[in-house]
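> Position one of the sequence shown corresponds to residue 1 (UniProt numbering), numbered consecutively onward.
Beta carbons are placed, not taken as given, at the ideal position from N, Cα and C, and that holds for glycine.
On a predicted model such as this, the values are computed, not experimentally measured, just so you know.
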Amino acid sequence: MPSLSVILITKNEAANIRDCLQSVAWADEIIVVDSASSDDTADIARAMGAQVYVHADWPGFGPQKNRALGYASKDWVFSIDADERVTPELRAELEQAMRTGNAEGYYCPRLSQFCGKFVHHSGWYPDYVLRLFKRGTGRFSDSLVHESVLMDGAAAKLKSPLLHYSYLTTADVERKVEHYSNAAAQQMLQAGKRSSWVGAMLSGGWAFVRTYIIRLGILDGAAGWSIALMNARTTYLKYRKLAVLNSTRISH
């Protein structure tokens with residue numbers, strides 16, 4: 001059986017880290033790169049047998065995951081976030097893929113929960129994410145947010161979902177909207193993009209229509225409506241913040 005390294009990055013994930021690590025406890029090696037958490041994240045991870053490396057600076061999601069990847073030493077790498085869980089069915093598929101599969105990497109369909117409800121529309125499922133790959137064949141993009149794995153070889157798709165407990169409460173929604181809109185605005189600024197207040201409003205409106213109508217969020221009931229509003233607000237804020245950054249750069 002080929003060996004497996006599980007890697008993840010953390011920041012104040014004490015509420016999530018135990019369940020996450022329990023779901024991958026069968027792996028040969030677990031690597032945690034922690035951003036100097038102020039809670040018990042690092043201590044919990046160490047107690048559960050993970051190798052914990054603390055990096056207080058924050059270079060962005062992609063670079064931080066590449067740090068974790070640099071510590072991995074096994075044949076295969078599986079990247080997981082603290083709010084995700086590997087089910088027994090997905091574990092079986094991962095092990096079979098490593099043992100007999102022909103691809104260099106594998107996508108998992110991610111099934112996300114929003115405030116207590118698993119979401120099957122709204123553009124959220126199947127949300128294929130490349131998480132399993134042979135060590136040495138992939139690395140993470142340098143994106144500050146919404147990083148992805150850049151593969152040298154072919155990748156295939158698995159069937160069993162990776163469970164994602166992303167938005168547990170409305171407080172989580174607010175916190176992540178603010179965080180992702182800030183990071184996205186900075187990333188777009190670095191890419192030389194520009195925005196305006198009008199453009200921000202139009203982009204936010206389109207995000208709502210795309211989520212609720214085109215991507216069938218209406219079939220997700222109240223959760224679909226809330227997700228459409230969240231996407232609209234995140235999109236509006238990231239372009240509004242980009243417009244502010246554009247103006248600040250011009251004034252200087």
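Grab the span of the alpha helix (DSSP H) containing Asp40 for me, first residue to last.
Segment: none, Asp40 is in no alpha helix (DSSP H) and carries neither H nor E.
> On a Cα-Cα basis, can you pick out the residue from Thr170, Val24, Ser73, Ile214 that is closest to Glu95?
Nearest option by C-alpha distance: Val24.
> Hey, how far is the Cα of Ser3 from the Cα of Arg135?
So the alpha carbons of these two residues sit roughly 10 Å apart.
> Within 10 angstroms of the Cβ of Ser247, are there 16 or more other Cβ atoms? Answer buried if so, exposed if not.
Exposed: under 16 other Cβ atoms inside 10 Å.
> Beta carbon of Ala184, beta carbon of Val145: below 7 Å?
Yes, they are a contact pair.
> Distance check for Ala27 and Val77, CA to CA, integer angstroms please.
Roughly 10 Å between the two C-alpha positions.
> Between the C-alpha atoms of Gly205 and Pro126, what's the straight-line distance to the nearest angstrom?
Roughly 24 Å separates the two Cα atoms.
> Rounded to whole angstroms, what is the Cα-Cα separation between Ser5 and Arg210?
Distance between the alpha carbons of Ser5 and Arg210: 37 Å.
> Lys159 to Val149, Cα distance in whole Å?
About 19 Å.
> Under a three-way DSSP split, which group does residue 279 fall into?
No information on residue 279 is available, as it lies outside the stretch 1 to 252 that the chain covers here.
> Compute the Euclidean distance between the alpha carbons of Val129 and Lys157, then round it to the nearest angstrom.
So the alpha carbons of these two residues sit roughly 9 Å apart.
> Among all the DSSP beta bridges, which residues are the ones paired with Ile30?
Note: Ile30 sits in a beta bridge opposite Val6.
> Apply the 10 Å Cβ neighbour rule to Ile214 and answer buried if 16 or more other Cβ atoms are within range, or exposed otherwise.
Its Cβ having fewer than 16 others within 10 Å, Ile214 is exposed.
> With 16 as the cutoff for other CB atoms within 10 Å, does Met1 come out buried or exposed?
So Met1 counts as exposed.
> Distance, Cα to Cα, Ser79 vs Cys108?
Cα to Cα, the separation comes out at about 11 Å.
> Considering only the beta carbon of each residue, do Phe140 and Asn66 sit closer than 7 Å?
Yes, these two residues count as a Cβ contact at 7 Å.
> Any idea what DSSP makes of Ala171, helix, strand or coil?
Ala171: helix per DSSP, three-state reduction.
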